[in-house]
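K.L.:
The structure follows.
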Amino acid sequence: MALFTLEDVKFSSRGKEIIKGISLKIEPKTVTCLAGKSGCGKSTLLKLISGILVPSGGRVLYKKNDIQMMSNARNRVFRRECGFVFQDSALWSNQDIMQNLNLPLQTANPSMSLEKRMKRIHDVCALVKYERAMNLRPVDLSMGEQKKIAFARALINKPSVLFLDECTESLDRKSGAIIVDLIQDFIAKGNTVIYVSHSSNFVNAMGGSSLVIEEGLLSE
Ligand SMILES: Nc1ncnc2c1ncn2[C@@H]1O[C@H](COP(=O)(O)OP(=O)(O)OP(=O)(O)O)[C@@H](O)[C@H]1O
Ligand SMILES: [Mg+2]
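Written out as structure tokens, the structure is:
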């Protein structure tokens with residue numbers, strides 16, 4: 001059974017058709033790269049597959065269920081199973097780093113004890129080697145430090161699917177290599193990765209198959 005199925009998915013915003021009818025399947029335990037020129041619609045497609053954007057036409061299925069029609073309970077499970085790193089990190093600017101990591105954890109696991117949550121937050125920060133204070137706000141961090149926290153947030157609920165939009169952009173070589181190792185480990189455990197990257201080093205390290213987008217359509 002395909003993990004994600006897109007059926008003639010379209011997306012328009014402010015009178016512009018950005019995704020013009022894309023159908024595809026993503027199998028579990030695979031690595032998929034969305035490639036194409038700047039502005040072709042990669043980030044938009046990543047957000048459509050992950051249910052962050054609502055298609056203006058067609059549908060996106062996760063394990064045969066239309067994401068937009070899921071019950072709240074099923075949607076919660078779907079959200080917990082998927083981690084997302086945004087191209088611009090998109091941390092909550094009015095919350096400190098602790099809250100940026102705690103909010104998605106607590107939302108997905110309302111009954112988890114404070115002690116367990118603090119341990120999980122500490123563990124993901126150690127994984128990405130975030131070593132600064134937890135009471136800083138995103139604006140106090142460099143772009144690269146924000147990317148580390150964005151990646152930690154994507155891992156916080158132990159997902160089985162990672163959506164990564166330029167997840168090593170702004171990172172120095174060493175920090176980038178740490179993230180690549182974490183992703184390779186995630187893939188080796190039989191999880192699924194769908195990513196966008198302009199870095200050929202990153203693409204070579206990830207492997208998997210590529211889908212090329214040209215002006216909102218899959219190119220042949
Ligand atoms: N909400 C929106 N409303 C209007 N236009 C949008 C919206 N989101 C994206 N666009 C436009 O849609 C096009 C595709 O944007 P998208 O961010 O998906 O491109 P991309 O392939 O990720 O580019 P890059 O490689 O530069 O990140 C761009 O021309 C962008 O300006
Ligand atoms: Mg983009």
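In UniProt numbering, the protein residues as written are 1 to 220. Backbone N, C-alpha and C define an ideal beta-carbon position, used for all residues, glycine too. Since this is a predicted model, take the numbers as computed values, not measurements.
#1: Distance, Cα to Cα, residue 57 vs residue 21?
#2: Specify the secondary structure class of residue 233 as computed by DSSP and reduced to three states.
#3: Would you list the one or two residues that DSSP bridges to residue 89?
#4: Classify residue 31 as helix, strand or coil using the three-state DSSP reduction.
#5: Across which residues does DSSP place residue 77 in a beta bridge pair?
#6: Thinking C-beta only, is residue 83 closer than 8 Å to residue 155?
#7: Within the chosen definition, does the segment 133-146 reach the segment 109-119 through at least 3 CB pairs nearer than 8 Å?
#8: Considering only DSSP beta bridges, list what residue 213 is partnered with.
#9: Check whether the segment 78-95 touches the segment 29-41, taking contact to mean three or more Cβ pairs, one atom from each stretch, closer than 8 Å.
#10: Quick check for students: name the residue ranges of the beta strand (DSSP E) that lie wholly in the segment 103-177, counting only runs of 3 or more.
#11: So, are the CB atoms of residue 91 and residue 138 less than 8 Å apart?
#12: Which residues count as close to ligand 2 when the rule is a CB under 7 Å from any of its heavy atoms, in chain order?
#13: Does the beta-carbon of residue 32 have 16 or more other beta-carbons within 10 angstroms, so that it is buried, or is it exposed?
P.N.:
Taking the coordinates as given:
#1: The C-alpha of residue 57 lies about 8 Å from the C-alpha of residue 21.
#2: In the structure displayed, the chain extends from 1 to 220; residue 233 sits before or after that span and is not available.
#3: Note: residue 89 sits in a beta bridge opposite 86.
#4: Strand at residue 31.
#5: Residue pairing from DSSP leaves residue 77 without any beta-bridge partner.
#6: Yes, the pair counts as a contact, with Cβ atoms nearer than the cut-off.
#7: Segment contact: the segment 133-146 against the segment 109-119, fewer than three CB-CB distances shorter than 8 Å; contact not assigned.
#8: DSSP, once it has assigned bridges, lists 218 as partnering residue 213.
#9: Result no; under three Cβ-Cβ pairs closer than 8 Å.
#10: List check, beta strand (DSSP E) in window: 161-165.
#11: Contact: yes.
#12: With the criterion CB distance below 7 Å from any heavy atom of ligand 2, the matching residues run 42, 43, 87, 165, 166 and 196 along the chain.
#13: That one is buried.
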